[in-house]
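Here's the structure, in structure tokens; my notes come after.
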Amino acid sequence: MNKVKKMVSTSELDPGFKSDVLTHPDARGLNACFSCGACSAGCPIHEVFPDYSPKKLAKMVRLGMKKEVLSSPYIWYCATCRNCVEHCPQNVKFFDILNVLKNMAAKEGYAPAAWIEQTKHVTETGIVFAKEDSWAKKREALSLRPLKKPGEKIRGIIKETGIGKIKPRVNSK
Amino acid sequence: MSKYALFLGCTTPVKVPQYELASRWVCKYFGIELIDVEEFTCCGINQVNLSIEAGLLMAAMNLALAEAKGLDILTLCAACTGALAEAIEKLKDETTRNSVNEKLREVDLEYKGKIKVRHISRVLYEDVGIEKIKREIKKDLSSLRVAPHYGCHYLRPKSAFGGFEEPDNPRTLHELILATGARPVEYETLNLCCGGKVFPVSGDLSRALVQKKLDNLADKEIDAMALQCQTCYLMYSDQQKEVNQKYDKKYNLPVILYPQLLGLALGADPVKNLGLNLHSISPEKIISKVV
Numbered sequence: 001m002n003k004v005k006k007m008v009s010t011s012e013l014d015p016g017f018k019s020d021v022l023t024h025p026d027a028r029g030l031n032a033c034f035s036c037g038a039c040s041a042g043c044p045i046h047e048v049f050p051d052y053s054p055k056k057l058a059k060m061v062r063l064g065m066k067k068e069v070l071s072s073p074y075i076w077y078c079a080t081c082r083n084c085v086e087h088c089p090q091n092v093k094f095f096d097i098l099n100v101l102k103n104m105a106a107k108e109g110y111a112p113a114a115w116i117e118q119t120k121h122v123t124e125t126g127i128v129f130a131k132e133d134s135w136a137k138k139r140e141a142l143s144l145r146p147l148k149k150p151g152e153k154i155r156g157i158i159k160e161t162g163i164g165k166i167k168p169r170v171n172s173k
Numbered sequence: 174m175s176k177y178a179l180f181l182g183c184t185t186p187v188k189v190p191q192y193e194l195a196s197r198w199v200c201k202y203f204g205i206e207l208i209d210v211e212e213f214t215c216c217g218i219n220q221v222n223l224s225i226e227a228g229l230l231m232a233a234m235n236l237a238l239a240e241a242k243g244l245d246i247l248t249l250c251a252a253c254t255g256a257l258a259e260a261i262e263k264l265k266d267e268t269t270r271n272s273v274n275e276k277l278r279e280v281d282l283e284y285k286g287k288i289k290v291r292h293i294s295r296v297l298y299e300d301v302g303i304e305k306i307k308r309e310i311k312k313d314l315s316s317l318r319v320a321p322h323y324g325c326h327y328l329r330p331k332s333a334f335g336g337f338e339e340p341d342n343p344r345t346l347h348e349l350i351l352a353t354g355a356r357p358v359e360y361e362t363l364n365l366c367c368g369g370k371v372f373p374v375s376g377d378l379s380r381a382l383v384q385k386k387l388d389n390l391a392d393k394e395i396d397a398m399a400l401q402c403q404t405c406y407l408m409y410s411d412q413q414k415e416v417n418q419k420y421d422k423k424y425n426l427p428v429i430l431y432p433q434l435l436g437l438a439l440g441a442d443p444v445k446n447l448g449l450n451l452h453s454i455s456p457e458k459i460i461s462k463v464v
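Here the protein sequences line up with chains H and B, keeping their order.
Mapping the first sequence onto the numbering used here, position 59 (from 1) lands on 59, and the numbers just tick up by one.
Position in the second sequence (first residue = 1) + 173 = the numbering used here.
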């Protein structure tokens, strides 16, 4: 159980937050959530770190706690296993809602640097890692074909999406 | 027999090339032709964190590249499998497909929706088949006790895999292990996630998940874990040392990829064909039990 119970002041809530989230088709299931907690019960991260709770996050969105949700480091703690989606009796798809929240948080400058860096690497190497000299040697030793530089297409695609312009969260990992 | 575009993903070719080596060897053995597509990139799964649309567009680009060559995709990574299969599902919606294609046209591509994505394990299970695999086995692996680990994205979203597996009670990897002659071991945390996708944000959280599974396996008298995803591999193998330090444990459990296990049973050279010398936890114990 969470030890700290914080009072929620209605004046700090953003009544439009839930509607903003619901405009994304992936988040439509939120309306059907009745806080049964099946999502949290099957969540491996919740089990090792109870402060991370899908059920609680879903409730915070429904209450309009925009700033608390979008600035929370916890929304980035999902391991992407999707147990929450498979186990939900209401077909809420919390995993997909969380991605919508992460996208909104990223636009507001809360994305962890790790994800921003990966995007940068994809533009340069085609994969999520920065180029290392050891790769070629390792592959050559196994007689595996050399890796080619990615073509122009991926650069065009990344540019098209605009994600290259997202700035990372300050003081975070 | 069958022909696929080989989708290597990000991690396998540069961090776990032995998985690629063993997969190519096993596919060649069964006459599965693998075509390399130069312009394949990251599948887009992690970009979903920043933009769902960007992730979908990257997946669509890769699908369109294979489609243009008239090929289905064979994946090695569970996450790429899930991301690409989910994209195929999403792109069945005409509005979504049209808006994605508008952007793909900028790079001279079009997604038509005629492609399948299959993980190598599923190709072995469906295209080759358990009976054929059994007939080809040349070595005796019957003294090996192996813990399967499926990988979350190999199973979920369930809707993207057409009922191939029951995510809460998966069986195909058990059967594939059994087909090699080795014995798959049942354990309680079978479905526990490796934590690989939270690793870039929190190493501690991901290691907490790794520790739980290693702890569960500690008293099961197993010789190895057999996996079908390089990210799960890196978590259970390379992070094992870190987990030992952090949790004051002495786990020393070899971890191998399924094509390596199958390769051993088919008589492949452990080093030359399967790269078993490249593992951070020596699989010597496994190799010595292959007779």
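Ideal Cβ placement from N, Cα and C applies to all residues, glycine included.
(message) Going by DSSP in three states, residue 49(H) sits in which element: helix, strand or coil?
(response) For the purposes of this step, residue 49(H) is taken as the residue at position 49 of the first sequence. Three-state DSSP puts residue 49(H) in coil, outside helix and strand.
(request) Whole angstroms is fine: what's the gap from residue 405(B)'s alpha carbon to residue 249(B)'s? (result) Translated into the one-based positions of the second sequence, residue 405(B) becomes position 232. Translated into the one-based positions of the second sequence, residue 249(B) becomes position 76. The alpha-carbon atoms of residue 405(B) and residue 249(B) are separated by roughly 12 Å.
(request) With distances taken Cα to Cα, identify the nearest neighbour of residue 71(H) among 141(H), 58(H), 105(H). (result) Locating residue 71(H) in the first sequence gives position 71, where the first residue counts as 1. Closest option to residue 71(H), judged by alpha-carbon separation, among 141(H), 58(H), 105(H): 105(H).
(message) Just to confirm before moving on: does the CB-CB distance between residue 382(B) and residue 401(B) stay below 9 Å?
(response) As a position in the second sequence, residue 382(B) is number 209, starting the count at 1. As a position in the second sequence, residue 401(B) is number 228, starting the count at 1. For the 9 Å CB-CB criterion, residue 382(B) and residue 401(B) do not form a contact.
(message) Can you look up residue 398(B) in the DSSP assignment and give me helix, strand or coil?
(response) Indexing the second sequence from 1 puts residue 398(B) at position 225. Reduced to three states, the DSSP call for residue 398(B) is strand.
(message) Going by beta-carbon coordinates alone, are residue 206(H) and residue 21(H) separated by less than 9 Å?
(response) Absent from the model: residue 206(H). The displayed extent of chain H is 1 to 173, so no value can be given.
(request) Could you check the C-alpha separation between residue 191(H) and residue 378(B) for me, to the nearest Å? (result) With chain H running from 1 to 173 in the structure shown, residue 191(H) is simply not present.
(request) From the DSSP output, in three-state form, read off residue 318(B) for me. (result) Numbered from its first residue, the second sequence carries residue 318(B) at position 145. In the structure shown, residue 318(B) sits in a strand (DSSP, three-state: E or B).
(request) Would you identify the three-state DSSP class for residue 176(B), choosing helix, strand or coil? (result) If you number the second sequence from 1, residue 176(B) lands on position 3. Residue 176(B): strand per DSSP, three-state reduction.
(message) Determine whether the beta carbon atoms of residue 78(H) and residue 116(H) lie at a separation below 9 Å.
(response) By one-based count along the first sequence, residue 78(H) stands at place 78. By one-based count along the first sequence, residue 116(H) stands at place 116. Residue 78(H) places its beta carbon 9 Å or farther from that of residue 116(H).
(request) Flag residue 161(H) as yes if its beta-carbon sits less than 9 Å from any beta-carbon of chain B, otherwise no. (result) Position 161 of the first sequence holds residue 161(H). It does; some Cβ of chain B falls within 9 Å.
(request) Give a yes or no on whether 9 Å exceeds the smallest Cβ distance from residue 92(H) to chain B. (result) For the purposes of this step, residue 92(H) is identified with residue 92 of the first sequence, where counting begins at 1. No, no contact with chain B.
(message) Measuring only the C-alpha atoms, how far is residue 130(H) from residue 120(H)?
(response) Here residue 130(H) refers to the residue found at position 130 of the first sequence. Here residue 120(H) refers to the residue found at position 120 of the first sequence. The straight-line gap from Cα to Cα measures roughly 9 Å.
(request) Mind checking the stretch 34 to 68 of chain H against chain B and listing, in chain order, the residues whose C-beta falls within less than 7 Å of any C-beta there? (result) Answer set for the stretch 34 to 68 of chain H: 44, 45, 48, 49.
(message) Assuming contact is defined by CB atoms lying nearer than 9 Å, are residue 319(B) and residue 434(B) in contact in what I supplied?
(response) Numbered from 1 along the second sequence, position 146 holds the residue referred to as residue 319(B). Numbered from 1 along the second sequence, position 261 holds the residue referred to as residue 434(B). Yes, Cβ-Cβ distance for residue 319(B) and residue 434(B) is below 9 Å.
(request) Tell me whether residue 264(B) sits in a helix, a strand or coil according to DSSP, three-state version. (result) For the purposes of this step, residue 264(B) is taken as the residue at position 91 of the second sequence. Assignment of residue 264(B) by DSSP, reduced to helix, strand and coil, places it in the coil class.
(request) My understanding is that residue 284(B) touches residue 348(B), with C-beta atoms under 8 Å, so please give their C-beta distance in whole angstroms. (result) By 1-based counting over the second sequence, the position of residue 284(B) is 111. By 1-based counting over the second sequence, the position of residue 348(B) is 175. About 33 Å separates the two Cβ atoms, so there is no contact after all.
(message) Counting only Cβ pairs nearer than 9 Å, list the residues of chain B close to residue 86(H).
(response) Counted from its first residue, the first sequence places residue 86(H) at position 86. Going along chain B in sequence order, the residues near residue 86(H) (Cβ under 9 Å) are 328, 329, 330, 331, 340, 341.
(message) Along the stretch 211 to 238 of chain B, where does the CB come closer than 7 Å to a CB of chain H? Name the residues.
(response) Against chain H - using a Cβ distance shorter than 7 Å - the residues of the stretch 211 to 238 of chain B are 211, 212, 214, 215, 219, 220, 221, 222, 223, 224, 225, 226, 227, 230, 231, 234.
(request) Say whether chain H places a C-beta atom closer than 9 Å to the C-beta of residue 188(B). (result) For the purposes of this step, residue 188(B) is identified with residue 15 of the second sequence, where counting begins at 1. With a threshold of 9 Å between beta carbons, residue 188(B) makes contact with chain H.
(request) Can you tell me which of the three DSSP states residue 209(B) falls into? (result) Position 36 of the second sequence, counted from the first residue, corresponds to residue 209(B). In this structure, DSSP gives residue 209(B) an extended state, which the three-state scheme calls strand.
(request) Determine whether the Cβ of residue 290(B) lies closer than 9 Å to any Cβ atom of chain H. (result) Start at 1 with the first residue of the second sequence, and residue 290(B) comes out as number 117. So, not an interface residue.
(message) Do residue 407(B) and residue 369(B) count as a contact pair if the criterion is CB distance below 9 Å?
(response) Locating residue 369(B) in the second sequence gives position 196, where the first residue counts as 1. Locating residue 407(B) in the second sequence gives position 234, where the first residue counts as 1. Yes.
(message) I'd like to know whether the C-beta atoms of residue 375(B) and residue 410(B) end up nearer to each other than 9 Å.
(response) The count along the second sequence starts at 1 and reaches residue 375(B) at position 202. The count along the second sequence starts at 1 and reaches residue 410(B) at position 237. The Cβ-Cβ distance between residue 375(B) and residue 410(B) does not fall below 9 Å.
(message) When you compare the stretch 132 to 142 of chain H with the stretch 259 to 270 of chain B, are there three or more beta-carbon pairs, one atom per stretch, that lie closer than 8 Å?
(response) Verdict: no, contact absent.
(message) For residue 164(H) and residue 110(H), I'd like the C-alpha separation in whole angstroms.
(response) Along the first sequence, one-based indexing puts residue 164(H) at 164. Along the first sequence, one-based indexing puts residue 110(H) at 110. Each residue's Cα considered, the two are about 15 Å apart.
(message) Against chain B, does residue 177(H) count as a neighbour if the rule is that its beta carbon must be under 9 Å from one of theirs?
(response) Because chain H in this structure spans residues 1 to 173, residue 177(H) falls outside the shown range and cannot be described.
(request) For residue 248(B), write down the residues that DSSP places opposite it in a beta bridge. (result) What you label residue 248(B) is simply residue 75 of the second sequence in a count that begins at 1. Partner residues in the beta bridge of residue 248(B), as assigned by DSSP, are 180(B), 292(B).
(request) Under 7 Å between beta-carbons, which chain H residues line up against residue 279(B)? List them in chain order, please. (result) As a first step, residue 279(B) must be located in the second sequence, where it is residue number 106. Result: 156, 160.
(message) Helix, strand or coil, according to DSSP, for residue 356(B) in the structure here?
(response) On the second sequence, residue 356(B) is found 183 positions in, with the first residue counted as 1. Secondary structure of residue 356(B) (DSSP, three-state): strand.
(request) Determine, using beta carbons only, whether residue 393(B) and residue 360(B) come nearer to each other than 9 Å. (result) Mapped onto the second sequence, residue 393(B) falls at position 220. Mapped onto the second sequence, residue 360(B) falls at position 187. Taking 9 Å as the Cβ cut-off, residue 393(B) and residue 360(B) qualify as a contacting pair.
(request) Compare the C-beta of residue 83(H) against all C-beta atoms of chain B and say whether one is closer than 9 Å. (result) Stepping through the first sequence from its first residue, residue 83(H) is reached at position 83. Closer than 9 Å to some Cβ of chain B, the Cβ of residue 83(H) qualifies, so yes.
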